[in-house]
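Chains as they are written, first to last, in my numbering: chain A, 26 to 252; chain B, 35 to 294; chain C, 75 to 131. Positions of the beta carbon are idealized from the N, C-alpha and C atoms, including for glycine. So the structure is just underneath, and the comments pick up after that.
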């Protein structure tokens with residue numbers, strides 16, 4: 026890898042982001058605990074009957090992970106914005122969309138992947154049937170990168186705004202709705218014993234599209250909000 | 035100043051406490067460990083099989099003592115937090131923050147061993163009844179205190195903020211427990227009583243109580259070890275800490291000195 | 075001996091429970107030692123930097 030080449034730049038960015046996350050690795054626990062508490066709220070509100078919880082289990086886990094991911098989105102650009110490295114990134118000669126794709130990948134790896142790992146545990150707390158568990162994890166593996174990519178575009182639009190949390194949620198949640206419909210839809214189909222492949226394929230198609238287009242959109246959005 | 039007050043002040047002085055804790059902690063660990071082994075021998079080997087639950091009930095010898103420790107640690111933490119907030123005593127701040135991770139560990143063990151006990155006995159890994167839900171809330175309270183303490187730079191301010199959170203949490207605990215109490219209670223009622231006869235066989239109760247004592251002593255061992263580190267952090271600029279830091283370098287990494 | 079490990083058929087629940095007990099408490103006891111090393115190393119680093127700045131002992 027030649028120093029100064031684009032691949033070297035991407036590698037350096039990835040290792041820098043991973044190092045920064047490792048330095049504050051206790052913070053990586055926060056999305057997990059948040060998702061756990063959100064899941065716990067539902068039996069407290071609706072009652073502990075396993076039959077009732079079983080019906081909403083997959084959907085609740087999906088929503089809990091979606092909200093946890095939404096809160097974690099803030100950390101994507103905040104640190105870099107505050108110390109000025111985000112501006113340097115935008116000014117670099119390498120394609121910004123590629124650099125941002127690397128950032129989003131590391132962010133997904135460190136925030137969404139742990140959530141997917143505990144998703145079966147969260148399902149178990151709500152008495153999720155065993156046969157749905159695999160579909161849930163598969164749907165999450167397809168949906169969470171999609172959520173990260175869509176979310177990154179919206180975060181790029183609100184970067185630098187004070188108290189942008191609520192605004193970000195208002196921007197992002199309408200875009201999240203189709204992902205949720207297909208992802209949770211696959212799980213409820215599996216729970217009812219119906220074929221569940223179609224919604225998963227829709228998610229996969231959307232993911233491929235987002236992998237190509239979202240970094241470009243994110244780069245454009247970042248240039249707009251930092252100008 | 036009478037002798038008791040003088041002794042109290044001396045104990046509270048960081049270098050003195052550091053020294054005493056350093057001498058006591060290994061003993062606490064050792065005695066706790068040995069008592070624990072005795073208790074486990076009594077529980078796993080000597081105690082008879084339960085007529086209802088078979089050998090699965092033997093999880094009780096770790097589950098119940100850890101549950102008791104989780105609650106004890108919280109009250110210890112809250113009491114020290116109260117002292118720290120009212121009288122601004124440094125040592126109380128550190129004792130409060132040191133007991134949080136230990137209590138969280140015991141609460142975590144309680145939840146996991148309870149789950150492993152519940153699966154063969156009740157057919158489910160989890161149930162949202164009063165006991166289990168309030169135990170989970172207790173774990174969240176611990177993690178909140180630990181998280182808040184870690185998030186603030188200044189150690190004394192962090193201890194005061196996290197201590198305040200611990201005190202608020204203590205109010206939350208009975209609320210959660212009683213408010214969900216009218217739901218189904220899958221978890222059994224208490225069989226061990228402080229006053230009056232307990233509903234458990236004598237062959238089973240002595241390992242249980244021995245393990246409870248062992249975990250208490252272990253708690254104090256860990257508490258003293260963590261308090262020592264807390265004192266080093268807090269008094270970092272003082273001469274006695276500097277001496278310890280340099281002495282530690284000389285014993286652990288002699289090559290570090292060679293680079294100077 | 076095998077009867078002891080089988081725990082009347084409940085062995086796969088009893089032994090993981092005891093394992094969790096030992097492992098978590100062992101980690102919990104090890105943590106202060108690692109913390110102490112880290113704190114002292116940080117203090118030494120701070121001392122060195124201060125000495126370098128002041129040029130004196």
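- Pick helix, strand or coil for residue 88 of chain B, following the three-state DSSP scheme. As a working note, residue 88 of chain B is residue 54 in the second chain. In the structure shown, residue 88 of chain B sits in a strand (DSSP, three-state: E or B).
- Query: Is the Cβ of residue 79 of chain C closer than 8 Å to any Cβ of chain B?
  - Reply: Indexing the third chain from 1 puts residue 79 of chain C at position 5. No, residue 79 of chain C does not count as interfacial toward chain B.
- Select from the stretch 138 to 151 of chain A all residues with a C-beta closer than 8 Å to any C-beta belonging to chain B, and list them in chain order. 149, 150
- Message: For chain A, check one thing: does any of its Cβ atoms lie closer than 8 Å to the Cβ of residue 106 of chain B?
- Response: To locate residue 106 of chain B, count along the second chain from 1; it is residue 72. No, residue 106 of chain B lies away from the interface with chain A (no Cβ there is under 8 Å from its Cβ).
- Helix, strand or coil: how does DSSP classify residue 81 of chain B here? Within the second chain, numbered from 1, the residue matching residue 81 of chain B stands at position 47. Of the three classes helix, strand and coil, the one that applies to residue 81 of chain B here is coil, per DSSP.
- Task: Check distances from the C-beta atoms of the stretch 153 to 176 of chain B to those of chain A and list, in chain order, the residues that come in under 9 Å.
- Result: 158, 159, 160, 161, 162, 163, 167, 170, 171, 174
- Item | Residue of A/240, A/71, A/42 minimising C-alpha distance to residue 163 of chain B | Residue numbering aside, residue 163 of chain B sits at position 129 when the second chain is read from its first letter. Per the Cα distances, A/71.
- Can the beta-carbon of residue 38 of chain A be found less than 8 Å from the beta-carbon of residue 124 of chain A? If you number the first chain from 1, residue 38 of chain A lands on position 13. If you number the first chain from 1, residue 124 of chain A lands on position 99. Contact flag set, yes.
- Could you have a look at residue 162 of chain B and say whether DSSP puts it in helix, strand or coil? Residue mapping note: residue 162 of chain B aligns to position 128 of the second chain, counting from 1. It is coil, neither helix nor strand.
- Where are the beta strand (DSSP E) runs, 3 residues long or more, that stay fully inside the stretch 189 to 223 of chain A, in chain order? none
- Item | Cross-chain neighbours of residue 63 of chain B in chain C, by beta carbon under 7 Å | Here residue 63 of chain B refers to the residue found at position 29 of the second chain. Here the neighbours are 103.
- Determine, using beta carbons only, whether residue 93 of chain B and residue 91 of chain C come nearer to each other than 8 Å. On the second chain, position 59 is the one that residue 93 of chain B refers to. On the third chain, position 17 is the one that residue 91 of chain C refers to. The answer is yes: Cβ separation under 8 Å.
- Would the beta-carbon of residue 62 of chain A fall within 8 Å of that of residue 174 of chain B? Along the first chain, read from residue 1 onward, the residue named residue 62 of chain A stands at position 37. Along the second chain, read from residue 1 onward, the residue named residue 174 of chain B stands at position 140. For residue 62 of chain A and residue 174 of chain B, yes; Cβs fall inside 8 Å.
- Message: Extract the residue ranges of the alpha helix (DSSP H) inside the stretch 38 to 84 of chain A, only unbroken runs of 4 or more that lie entirely within it.
- Response: 54 to 71
- Message: Which residues in chain C have a C-beta closer than 8 Å to the C-beta of residue 267 of chain B? List them in chain order.
- Response: Position 233 of the second chain holds residue 267 of chain B. Here the neighbours are 113.
- Rounded separation between residue 71 of chain B and residue 227 of chain A - CA only: In the second chain, residue 71 of chain B corresponds to position 37, counting from 1. In the first chain, residue 227 of chain A corresponds to position 202, counting from 1. Each residue's Cα considered, the two are about 57 Å apart.
- Message: If contacts are defined as beta-carbon pairs under 8 Å, then residue 151 of chain A and residue 214 of chain A qualify, I think. What distance do you get, rounded to the angstrom?
- Response: Here the question's residue 151 of chain A lines up with position 126 in the first chain. Here the question's residue 214 of chain A lines up with position 189 in the first chain. In fact, because the Cβ distance is near 18 Å, the residues do not count as touching under 8 Å.
- Message: Between residue 123 of chain C and chain B, is the shortest Cβ-Cβ distance under 8 Å, so that the two count as touching?
- Response: Within the third chain, the letter at position 49 stands for residue 123 of chain C. Answer no: the Cβ-Cβ gap between residue 123 of chain C and chain B never drops below 8 Å.
- Less than 8 Å between the CB atoms is what I'm expecting for residue 136 of chain B and residue 51 of chain B, so what's the real figure, rounded? For the purposes of this step, residue 136 of chain B is taken as residue 102 along the second chain, with counting starting at 1. For the purposes of this step, residue 51 of chain B is taken as residue 17 along the second chain, with counting starting at 1. Not a contact, Cβ separation roughly 18 Å.
- Between the C-alpha atoms of residue 123 of chain C and residue 267 of chain B, what's the straight-line distance to the nearest angstrom? What you label residue 123 of chain C is simply residue 49 of the third chain in a count that begins at 1. What you label residue 267 of chain B is simply residue 233 of the second chain in a count that begins at 1. Each residue's Cα considered, the two are about 17 Å apart.
- Item | Backbone secondary structure at residue 213 of chain B - three-state DSSP | Walking along the second chain from the start, residue 213 of chain B turns up at place 179. Correct three-state label for residue 213 of chain B: helix.
- Neighbour list for residue 53 of chain B in chain C, Cβ cutoff strictly below 9 Å: Within the second chain, residue 53 of chain B is the residue found at index 19, counting from 1. Those do not exist, as residue 53 of chain B stays about 15 Å from chain C at its closest Cβ, beyond 9 Å.
- Please confirm whether residue 99 of chain C and residue 37 of chain B have their CB atoms less than 8 Å apart. In the third chain, the residue the question calls residue 99 of chain C occupies position 25. In the second chain, the residue the question calls residue 37 of chain B occupies position 3. Cβ distance not < 8 Å, so residue 99 of chain C and residue 37 of chain B don't count as in contact.
- Item | For residue 88 of chain A, the nearest candidate out of A/243, A/159, A/169 (CA to CA) | Taking the first chain and counting its residues from 1, one reaches residue 88 of chain A at position 63. The option with the nearest alpha carbon to residue 88 of chain A is A/169.
- Query: Listed in chain order, which residues of the stretch 115 to 147 of chain B have Cβ atoms closer than 8 Å to some Cβ of chain C?
  - Reply: 135, 136, 139, 142, 143, 146, 147
- Would you grab the beta carbon distance between residue 211 of chain B and residue 148 of chain B for me? Rounded to a whole angstrom, and I think it's under 8 Å. To locate residue 211 of chain B, count along the second chain from 1; it is residue 177. To locate residue 148 of chain B, count along the second chain from 1; it is residue 114. About 15 Å; that fails the 8 Å criterion.
- Sequence-distant residues of the same chain with beta carbon closer than 7 Å to residue 157 of chain A, five excluded per side: Along the first chain, read from residue 1 onward, the residue named residue 157 of chain A stands at position 132. So the qualifying residues of the chain are 83, 212, 215, 216.
- residue 122 of chain B: which of B/262, B/194, B/41, B/249 sits nearest, CA to CA? Translated into positions along the second chain, residue 122 of chain B becomes position 88. Comparing Cα-Cα distances from residue 122 of chain B to each of B/262, B/194, B/41, B/249, the minimum goes to B/194.
- Message: Give me the chain F residues within the contact set of residue 283 of chain B, using Cβ-Cβ distance strictly less than 7 Å, ordered along the chain.
- Response: Of the protein chains in this structure, namely A, B and C, none is chain F.
- Task: Identify the contact partners of residue 184 of chain B in chain A, using a Cβ-Cβ distance below 8 Å as the criterion.
- Result: Residue mapping note: residue 184 of chain B aligns to position 150 of the second chain, counting from 1. Here the neighbours are 51.
- Query: Measuring CA to CA, which of A/171, A/140, A/102 is closest to residue 58 of chain A?
  - Reply: Position 33 of the first chain, counted from the first residue, corresponds to residue 58 of chain A. Residue A/140 is the option with its Cα nearest to residue 58 of chain A.
- Message: Can you check which of these residues, A/240, A/52, A/105, is closest to residue 178 of chain A by C-alpha distance?
- Response: Taking the first chain and counting its residues from 1, the one referred to as residue 178 of chain A is at position 153. Of A/240, A/52, A/105, the residue nearest in Cα terms is A/240.
- Item | chain B residues whose Cβ lies nearer than 7 Å to that of residue 68 of chain A | Counted from its first residue, the first chain places residue 68 of chain A at position 43. The answer, in chain order, is 162.
- Message: Quick check on residue 262 of chain B: buried or exposed, where buried means 16 or more other Cβ atoms within 10 Å of its Cβ?
- Response: Within the second chain, the letter at position 228 stands for residue 262 of chain B. With 16 or more Cβ atoms within 10 Å of its Cβ, residue 262 of chain B is classed as buried.
- Message: Counting only Cβ pairs nearer than 8 Å, list the residues of chain B close to residue 91 of chain C.
- Response: Here the question's residue 91 of chain C lines up with position 17 in the third chain. By Cβ distance, chain B contributes 93, 96, 97, 146, 147, 150, 151.
- In angstroms, rounded to a whole number, what distance separates the CA positions of residue 235 of chain B and residue 86 of chain B? Along the second chain, read from residue 1 onward, the residue named residue 235 of chain B stands at position 201. Along the second chain, read from residue 1 onward, the residue named residue 86 of chain B stands at position 52. Distance between the alpha carbons of residue 235 of chain B and residue 86 of chain B: 13 Å.
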